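These notes concern the structure reproduced below.
Number of protein chains: 2
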Amino acid sequence: MQLPQTKKAIVLLSGGLDSATTLAIAQSQGFSAFALSFSYGQRHTVELEFAQLQAESRGVVRHMVVPIDLRLFGGSALTDDIAVPKHRSMHEIGQKIPVTYVPARNTIFLSFALAYAESIGSNDILFLGVNALDYSGYLICRPEYIHAFEHLANLATAAGVGGKKMTIHAPLIKLSKADIIKKGLALGVDYARTLSCYDPVEHKACGYCDACQLRLKGFAENQSQDPAEYISLN
Amino acid sequence: MQLPQTKKAIVLLSGGLDSATTLAIAQSQGFSAFALSFSYGQRHTVELEFAQLQAESRGVVRHMVVPIDLRLFGGSALTDDIAVPKHRSMHEIGQKIPVTYVPARNTIFLSFALAYAESIGSNDILFLGVNALDYSGYLICRPEYIHAFEHLANLATAAGVGGKKMTIHAPLIKLSKADIIKKGLALGVDYARTLSCYDPVEHKACGYCDACQLRLKGFAENQSQDPAEYISLN
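Residue numbers (the numbering used here), protein chains in the order written: chain E, 1104 to 1337; chain Z, 1104 to 1337.
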């Protein structure tokens, strides 16, 4: 009789390209994946449909969707009715904190991932897909932040004291968007089933927001065609 | 014309004795208090009524109650149907992690407090009422944890980078329960409007769970009578 896989990992799954790649990396490293998504008052709940598609097609053990209402705290184009910037240059994209920033969002998400990790007991590993190069405006992406959360997690949790160490893996943190896509294509990620756009119409991406531009550039650098659907690209 | 108070603080308010005292301390230090409570699937939502009573009687600027469902992650007598231990000795109370531990709960609560702090903008101060002496089983209570969260907060937030430093105050962390009560009485905290019990019946405390025992001991050490209602004490 074959023993079941015992290495469990929580994978934060947003429905985007990065987290789909992170999920594939987790599985390629032998982890049983427990996916975690959030219904957080995002304007585009279609993201969650894409997360569900990834979870199903990659065969995760369980996909949990946690409802939290970040609109209570306001302040971002991803939850409020503020215009998403389009047609920004790569230089502009790298500058300052974008309006799509949600206060403390990622700290909240990681805290729930920590609770989930603890609750499934025998494992204590989290995965988080972030990218330090492309989204330099997002403070979450700094390695210092990942280390700080890992340190906190080990002070915070029962598991962290019981001898098992909580590890926060950020396998994308040193990769460019092109590198992420290259890795994901090699691992068979179905990028048609991902959505990165900040301003989609139904299931189609706009092609011109920061996220779309970075994604398209990444595919182009791989001499590859993005299989996702776009409204129009000209 | 008098200028409005500009120092704002988020105060985590549970309805218990500790957080009521923390609120009074925040106000005595000149902070305008923004109270934050959670509806997290706790078995006793009466806690929230006591939090509301404190918020109203102390005149906070706003009291926000955030719904989150920690039952998704199971594992505690505060959300599940596990018996609350009663009649434990003070020695037993100090031992190991109690069944009332909720995985990563306090990390989640602090993350929301961070979001709230950011969203009200001009201030970046949080208060948290914890007690290192009485609840030694609760890992949250260690100063290292508070420092770790503060460090994380400053890496995580836009405010933390913009030059303003986020500070996590834990004014009770070195106080015994008796010291906390002494301070609160001096600041006029109405302890009749607080509930500490893990197993209340309607609005009355049981008198025999760990929280009730610690509280009663604290009042006794102040030669004072706990004004809260108990089911019966004999």
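Glycine included, each C-beta is placed from N, C-alpha and C at the ideal position.
Quantities reported herein were computed from a predicted structural model and do not represent experimental measurements.
First and last residue of the uninterrupted beta strand (DSSP E) at residue i
i                       : result
residue 1137 of chain Z : 1135-1142
residue 1112 of chain Z : 1111-1115
residue 1271 of chain E : 1270-1272
Residues near residue i by beta carbon distance below 8 angstroms, same chain, minus five either side
i                       : result
residue 1167 of chain Z : 1137, 1138, 1139, 1140, 1219
residue 1172 of chain Z : 1143, 1144
residue 1327 of chain Z : 1284, 1288
Nonlocal neighbours in the same chain, by C-beta distance under 6 angstroms from residue i, ignoring five residues either side
i                       : result
residue 1118 of chain E : 1150, 1153, 1154, 1298
residue 1169 of chain E : 1141, 1215
residue 1241 of chain Z : At residue 1241 of chain Z, the pLDDT of 49 sits below 50, so the modelled position is not reliable and the matter cannot be decided from this model.
residue 1156 of chain Z : 1296
residue 1225 of chain Z : Confidence in residue 1225 of chain Z is poor, its pLDDT being 41 and thus under 50, which makes the residue's placement unreliable; the coordinate value appears in the next sentence. If we look at residue 1225 of chain Z and ignore the five residues flanking it on each side, it has no Cβ neighbours.
Span separating the alpha-carbon of residue i from that of residue j
i                       : j                       : result
residue 1192 of chain Z : residue 1248 of chain Z : 27 angstroms
residue 1330 of chain E : residue 1190 of chain E : 21 angstroms
residue 1318 of chain E : residue 1116 of chain Z : 43 angstroms
residue 1181 of chain Z : residue 1250 of chain Z : Only weak support is given to the placement of residue 1181 of chain Z: the predicted model assigns it a pLDDT of 48, under 50, and the question is left unresolved by the model.
residue 1304 of chain Z : residue 1207 of chain Z : 27 angstroms
residue 1202 of chain Z : residue 1255 of chain E : Any reading at residue 1202 of chain Z must be qualified, since the residue scores a pLDDT of 46, below 50, and its modelled position is unreliable; no value is offered.
residue 1322 of chain Z : residue 1120 of chain Z : 11 angstroms
residue 1129 of chain E : residue 1221 of chain E : 18 angstroms
residue 1217 of chain E : residue 1131 of chain Z : 35 angstroms
residue 1290 of chain Z : residue 1163 of chain Z : 15 angstroms
residue 1209 of chain Z : residue 1209 of chain E : 16 angstroms
residue 1281 of chain E : residue 1211 of chain E : 28 angstroms
residue 1114 of chain Z : residue 1126 of chain Z : 6 angstroms
Reference residue i, options the options, closest by Cα
i                       : options                        : result
residue 1315 of chain Z : Z:1326, Z:1321, Z:1300, Z:1304 : Z:1300
residue 1302 of chain Z : Z:1258, Z:1334, Z:1157, Z:1129 : Z:1334
residue 1112 of chain Z : Z:1171, Z:1307, Z:1165, Z:1290 : Z:1165
residue 1213 of chain Z : Z:1309, Z:1259, Z:1124         : Z:1259
residue 1161 of chain Z : Z:1311, Z:1327, Z:1292, Z:1310 : Z:1292
residue 1148 of chain Z : Z:1325, Z:1313, Z:1326, Z:1307 : Z:1307
residue 1296 of chain E : E:1158, E:1135, E:1210         : E:1158
residue 1175 of chain E : Z:1309, Z:1223, Z:1122         : Z:1223
residue 1122 of chain Z : Z:1309, Z:1211, Z:1294         : Z:1294
residue 1332 of chain Z : Z:1310, Z:1127, Z:1163, Z:1210 : Z:1310
Boundaries (first-last residue) of the alpha helix (DSSP H) holding residue i
i                       : result
residue 1246 of chain E : 1246-1259
residue 1149 of chain E : 1149-1161
residue 1165 of chain E : Segment 1165-1170 is the beta strand (DSSP E) holding residue 1165 of chain E; no alpha helix (DSSP H) there.
residue 1215 of chain E : 1208-1222
residue 1321 of chain E : 1313-1324
residue 1288 of chain E : 1280-1289
residue 1128 of chain E : 1120-1131
Sequence-distant residues of its chain with Cβ nearer than 7 angstroms to residue i (five each side left out)
i                       : result
residue 1124 of chain E : 1232, 1275, 1283, 1286, 1287, 1292
residue 1264 of chain Z : Residue confidence for residue 1264 of chain Z is low, a pLDDT of 46 falling below 50, so the modelled location carries little weight and cannot support an answer.
residue 1324 of chain E : 1281
The stretch 1205-1217 of chain Z: positions lying closer than 9 angstroms to chain E by Cβ: Listed by position along the chain: 1205, 1206, 1207, 1208, 1209, 1210, 1211, 1212, 1213, 1214, 1215, 1216, 1217.
Residues of the stretch 1148-1172 of chain E whose Cβ lies closer than 8 angstroms to any Cβ of chain Z, in chain order: The stretch 1148-1172 of chain E vs chain Z, Cβ under 8 angstroms: 1167, 1169, 1170, 1171, 1172.
Residues of the stretch 1118-1142 of chain Z whose Cβ lies closer than 7 angstroms to any Cβ of chain E, in chain order: If the cut-off is 7 angstroms between Cβ atoms, the stretch 1118-1142 of chain Z has nothing near chain E.
Residues within the stretch 1243-1257 of chain Z neighbouring chain E, beta-carbon criterion of under 8 angstroms: Against chain E - using a Cβ distance shorter than 8 angstroms - the residues of the stretch 1243-1257 of chain Z are 1243, 1245, 1247, 1248, 1251, 1252, 1254, 1255, 1256.
Residues of the stretch 1276-1303 of chain Z with Cβ closer than 7 angstroms to any Cβ of chain E, in chain order: Within the stretch 1276-1303 of chain Z, no residue has a Cβ that lies closer than 7 angstroms to any Cβ of chain E.
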